[in-house]
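Listed in order, the protein sequences are those of chains A and B.
Sequential numbering of the first sequence, starting at 1, is according to our numbering.
Sequential numbering of the second sequence, starting at 1, is according to our numbering.
Number of protein chains: 2
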Amino acid sequence: MAGPPRTTYRHGALREALVDAGVELARTGGPQAVVLREATRRVGVSANAAYRHFSDHRALLRAVGVVAMAQLAACMEQEQSRTPPRGAAAAARARLRGVGAGYLRFAREQPGLFLTAFAVNAEVADDPAARGDSGLSPLELLTTALDGLVDAGLLPPQRRPDAEMVAWSAVHGLSMLLIDGPLASLSDEHADALGSTLLDHVEAGLLRAP
Amino acid sequence: MAGPPRTTYRHGALREALVDAGVELARTGGPQAVVLREATRRVGVSANAAYRHFSDHRALLRAVGVVAMAQLAACMEQEQSRTPPRGAAAAARARLRGVGAGYLRFAREQPGLFLTAFAVNAEVADDPAARGDSGLSPLELLTTALDGLVDAGLLPPQRRPDAEMVAWSAVHGLSMLLIDGPLASLSDEHADALGSTLLDHVEAGLLRAP
DNA sequence: CGTCAGATGTTCACAGTGTCCACAACGGCT
DNA sequence: AGCCGTTGTGGACACTGTGAACATCTGACG
Numbered sequence: 001m002a003g004p005p006r007t008t009y010r011h012g013a014l015r016e017a018l019v020d021a022g023v024e025l026a027r028t029g030g031p032q033a034v035v036l037r038e039a040t041r042r043v044g045v046s047a048n049a050a051y052r053h054f055s056d057h058r059a060l061l062r063a064v065g066v067v068a069m070a071q072l073a074a075c076m077e078q079e080q081s082r083t084p085p086r087g088a089a090a091a092a093r094a095r096l097r098g099v100g101a102g103y104l105r106f107a108r109e110q111p112g113l114f115l116t117a118f119a120v121n122a123e124v125a126d127d128p129a130a131r132g133d134s135g136l137s138p139l140e141l142l143t144t145a146l147d148g149l150v151d152a153g154l155l156p157p158q159r160r161p162d163a164e165m166v167a168w169s170a171v172h173g174l175s176m177l178l179i180d181g182p183l184a185s186l187s188d189e190h191a192d193a194l195g196s197t198l199l200d201h202v203e204a205g206l207l208r209a210p
Numbered sequence: 001m002a003g004p005p006r007t008t009y010r011h012g013a014l015r016e017a018l019v020d021a022g023v024e025l026a027r028t029g030g031p032q033a034v035v036l037r038e039a040t041r042r043v044g045v046s047a048n049a050a051y052r053h054f055s056d057h058r059a060l061l062r063a064v065g066v067v068a069m070a071q072l073a074a075c076m077e078q079e080q081s082r083t084p085p086r087g088a089a090a091a092a093r094a095r096l097r098g099v100g101a102g103y104l105r106f107a108r109e110q111p112g113l114f115l116t117a118f119a120v121n122a123e124v125a126d127d128p129a130a131r132g133d134s135g136l137s138p139l140e141l142l143t144t145a146l147d148g149l150v151d152a153g154l155l156p157p158q159r160r161p162d163a164e165m166v167a168w169s170a171v172h173g174l175s176m177l178l179i180d181g182p183l184a185s186l187s188d189e190h191a192d193a194l195g196s197t198l199l200d201h202v203e204a205g206l207l208r209a210p
């Protein structure tokens, strides 16, 4: 007499499923598109079910942001391991370059996720899950790369303080301008070239004059 | 016998009033806070009245963004006229510095408006109203300053291409990081110092080595 | 093995938002 | 005076986030 047993009960991984749905929404539509009800709809669950796993709509957005931040870190690491360096100094430079290149690439290839990561940046930055395979957050990857440059004797110690903020500002700003700023209509080639130029400038501003 | 004559009819400047209300909302709450119904409520008019002047909620937001962009330009101009320069070369440098300092100051002092201006950046950038007193948009102010540096012999012509994007990226990125990024909790003093350091780096990266 | 508490999902409900449509008032035109 | 386009109103709808009460499942404990 009882109806068919509900398949939605005890989903088992509702939280992950909702985050996945949210990530997909963010990927295609940015932070604005990650709407709680739509995520539950995609998972096939009632809207309020989400409230058993997230206190808030914002909590869901934050969880999506954490995933996005982790993917950013992964993208940076992937770019770092692209060209195996030879020589300690070259390796240190390549690691910084990888940080910047990965950042820019992620912003171009996944603008929705990129924006989502930074829409909740302050609340996500130090989440233990917002890390890449190496266990480092994007900021830590940058910091590590800069420390490596100091160790290699390429970055004068007196220029080390706040260097991450200067470098980060540059790539972050360019990313924003490329995503929906005045540079949004640039071709991929020009955008790549501009990214390269920008990274050159950053290095020029930081590294010890040869 | 007819009811009291309506004061809301033929408002005369409803569009401006709605934009003003929207600006106030954006100022205190950022782009998210500029909600159409609240703006009409503040003006004392029915919600649908807005649709006689804006096709869309987004159109209202865009109008607010234009005002914000104009205020950004004004802030930059104000900073430029702060310290009267002596000597052509120093004047050229001061103009670039003013561009960057004004940008950073506006982002710190009016984060809501700053974010609103860039929330709709692509649709606002070339609006004729998004200008300061000099009639120049923020980007044009920067371009002009850089051209001035070339004329003054301080910026090597081969480094001129894309220089605005490099410079803009730096200040824009720092602004974002200061507003709701990992630098949001910085004291004003530290933020100012960091801004100064960043502008130093930008200049160092651009200008001809002495 | 039966029962009961807590976890998890559902339904109902409400306020708030953007937006559409039909209507009303005003004011300048002929 | 009379008409018509402009501007504002009222009501309605779909959608969102969110709270409260209810239902169902599951694991722990007797």
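Note that beta-carbon positions come from the ideal geometry of N, C-alpha and C, so glycine has one too.
{"query": "Three-way DSSP call (helix, strand, coil) for B:Asp126 in this model", "result": "coil"}
{"query": "Validate contact between the region 93 to 102 of chain B and the region 156 to 165 of chain A using beta carbons, cut 8 angstroms, 3 pairs", "result": "no"}
{"query": "Three-state class that DSSP yields for A:Gly205 in the structure shown", "result": "helix"}
{"query": "Beta-carbon separation (whole angstroms), A:Val64 vs A:Gly22, contact threshold 8 angstroms", "result": "4 angstroms"}
{"query": "C-beta atoms of A:Gly279 and A:Leu183 nearer than 8 angstroms", "result": "Nothing about residue 279 of chain A can be read from this structure; chain A reaches only from 1 to 210."}
{"query": "B:Leu61 and B:Pro31 closer than 8 angstroms at C-beta", "result": "yes"}
{"query": "is_contact[A:Ala118, chain B] using C-beta, thresh 8 angstroms", "result": "Note that residue 118 of chain A is Phe in the sequence shown here, rather than Ala. Closer than 8 angstroms: yes."}
{"query": "Which of helix, strand or coil DSSP assigns to A:Val45", "result": "coil"}
{"query": "Supposed contact pair B:Ala70 and B:Gly132 - C-beta distance, whole angstroms, cut 8 angstroms", "result": "6 angstroms"}
{"query": "Any C-beta of chain A under 8 angstroms from that of B:Ala130", "result": "no"}
{"query": "8 angstroms Cβ cutoff, B:Asn121 in contact with chain A", "result": "yes"}
{"query": "Proximity test, Cβ basis, 8 angstroms: A:Met165 and chain B", "result": "yes"}
{"query": "Check whether B:Ala17 and B:Val43 have beta carbons under 8 angstroms apart", "result": "yes"}
{"query": "A:Ala204 at chain B interface by Cβ criterion, 8 angstroms", "result": "yes"}
{"query": "Neighbour flag for B:Ala184 against chain A, beta carbons, 8 angstroms", "result": "yes"}
{"query": "Chain-ordered chain A contacts of B:Met176 [CB-CB under 9 angstroms]", "result": "Phe118, Asn121, Ser169, His172, Gly173, Met176"}
{"query": "Residue-level contact to chain A via CB, B:His201, 8 angstroms cutoff", "result": "yes"}
{"query": "Test item: CB-CB of A:Ala214 and A:Leu206 under 8 angstroms", "result": "This structure cannot settle anything about residue 214 of chain A, because the visible part of chain A is limited to 1 through 210."}
{"query": "Min CB distance B:Met1 to chain A below 8 angstroms", "result": "Any reading at B:Met1 is ruled out, since the residue's pLDDT is 34, under 50, leaving its predicted position unreliable."}
{"query": "Cβ pair B:Ala191, B:Leu178 closer than 8 angstroms", "result": "yes"}
{"query": "Test item: CB-CB of A:Ala122 and B:Gly181 under 8 angstroms", "result": "yes"}
{"query": "Closer than 9 angstroms at the beta carbon, the chain B residues around A:Ala125", "result": "Gly181, Pro182"}
{"query": "Within chain B, partners of A:Thr144 - CB distance below 8 angstroms", "result": "Within chain B, no residue comes near A:Thr144; the closest Cβ sits about 16 angstroms away, beyond 8 angstroms."}
{"query": "Whether A:Gly29 touches A:Gly112 by CB criterion (8 angstroms)", "result": "yes"}
{"query": "Selection of the region 87 to 104 of chain A by Cβ proximity to chain B, strictly under 7 angstroms", "result": "none"}
{"query": "6 angstroms Cβ shell around B:Leu141 - same chain, five flanking residues per side excluded", "result": "Met76, Val99"}
{"query": "Limits of the alpha helix (DSSP H) - the one that B:Phe118 falls within", "result": "111 to 119"}
{"query": "Proximity test, Cβ basis, 8 angstroms: A:Asp162 and chain B", "result": "yes"}
{"query": "Beta-carbon proximity of A:Gly173 to B:Ala170, cut-off 8 angstroms", "result": "yes"}
{"query": "First and last residue of the uninterrupted alpha helix (DSSP H) at A:Pro138", "result": "138 to 151"}
{"query": "CB contact flag (B:Leu146, B:Ala125, <8 angstroms)", "result": "no"}
{"query": "A:Arg52 to A:Pro138 span [Cα, whole Å]", "result": "30 angstroms"}
{"query": "Rounded straight-line distance, which links the Cα of A:Arg37 to that of A:Ala204", "result": "48 angstroms"}
{"query": "Span separating the alpha-carbon of B:Val120 from that of B:Ala152", "result": "35 angstroms"}
{"query": "Secondary structure of B:Asp192, DSSP reduced to three states", "result": "helix"}
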